[in-house]
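Engineer: Residue numbers (my numbering): 1166 to 1392.
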Ligand code: DGT
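1. Counting Cβ pairs closer than 8 Å, one from the segment 1329–1337 and one from the segment 1250–1258, do we hit at least three?
2. Nearest CA to the CA of residue 1307: which residue from 1274, 1168 and 1356?
3. If we ignore side chains and look at the alpha-carbon of each, how far apart do residue 1247 and residue 1294 end up?
4. Label residue 1303 either buried or exposed according to how many other C-beta atoms from any shown protein chain fall within 10 Å of its C-beta, with 16 as the threshold for buried.
5. Can you tell me whether residue 1272 is helix, strand or coil according to DSSP?
6. Considering only the alpha carbon of each residue, which of 1168, 1201, 1329 and 1188 lies closest to residue 1364?
7. Quick one: using the 10 Å Cβ neighbour count with 16 as the cut-off for buried, is residue 1301 buried or exposed?
8. Are at least three pairs of beta-carbons, each pair with one atom in the segment 1173–1182 and one in the segment 1225–1242, less than 8 Å apart?
9. Check whether the Cβ of residue 1259 sits closer than 7 Å to any heavy atom of the ligand DGT, and report yes or no.
10. DSSP state of residue 1243, grouped into three classes?
11. Looking at the structure shown, is residue 1334 part of a helix, part of a strand, or coil, going by DSSP?
12. Beta-carbon within less than 7 Å of residue 1342's beta-carbon, same chain only, minus the 5 sequence neighbours each way: which residues are those?
13. Alpha helix (DSSP H) containing residue 1212: first to last residue?
14. Return helix, strand or coil for residue 1297, following the three-state DSSP convention.
15. With DSSP run on the structure shown, which of helix, strand or coil describes residue 1366?
Structure follows, in C-alpha cells:
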C-alpha cells in the first residue's frame, strides 16, 4: 500500500470458488495505518468476504489490491484437541513463556488458566471442549495478540458473548490494537462504536462510508443491534 496506508483497494471484484456471481463489486477502499473501520450490512451482504479479501484468502478477480500483512479473527474459534499451550503457540511457535503469560493476561484468561488442573498444559477436548464460550473467545484473542501484524481483521469478535463479557473483551481488544489498523465486520452497535469510520455494504457493494462526528455515522450506528 501507499506509505501511511494499511489497505488500498481500487475497483476490486471477487468471486467465491465455484460461483459465477461476484460476491464483491467495484470495491474502492483506503485505510490509513492505525485507522479503525467497521463494516456493516445485512446478512449475506459480503462483510466476511471483504475480510477474506483483505486477508488474502479470497483472491481479487479484477482491480488492484494492496494490504499490509493481516491476521483474521474468524466468527468461530477453531480449537484443537491439544493443550491450551498448543492451541496458543500455533500462532507463534517461538513465543516465550513470558510472552504467553502476557497475552493470556491481556486476554483476561490468566486466572482461568491458573485454576485449571495442569495450567497452560491442560488438554482441551475437540473443538475446545472444557472451555466456556467466553473462555474460548478469550483464547482466540490471546492467539490474535501473538500475531503482531499491522492489520487485524475481526469478524463479529463478541458475537454470542453476554454484555459484560463482550464489553470486557472489546476493551482488551481495543487496548491491544493501539497503533494497528482494524477492520471489524459487525451487526452489533457496541463493536461498531469503537470505529473511526463505518462502511455500509449491501449486495457486495460499498454504498456509503461515514466518519465519526458525521450524521451518517450516527445513522449507521442506529441500524445496528443494540448492545
Ligand atoms: P453474515 O455473516 O451473515 O452477516 O453475512 P456477510 O455479510 O458476512 O456475508 P458473506 O461475506 O459471508 O457472504 C456473502 C455472499 O457470499 C453470500 O451470498 C454467501 C456467499 N458466500 C460466502 N462464503 C462463501 C463461500 O465460501 N463459497 C461460496 N460459493 N459462496 C460464499
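Glycine included, each C-beta is placed from N, C-alpha and C at the ideal position.
This one's a predicted model, so the numbers in the text were calculated from it and none came from an experiment.
Structural biologist: Working from what's here:
1. no
2. It is 1274.
3. 10 Å
4. buried
5. coil
6. 1201
7. buried
8. The segment 1173–1182, when compared against the segment 1225–1242, does touch it at the 8 Å Cβ threshold.
9. no
10. Collapsing the DSSP output to three states places residue 1243 in coil.
11. helix
12. 1317
13. Note, residue 1212: alpha helix (DSSP H), 1212–1220.
14. coil
15. strand
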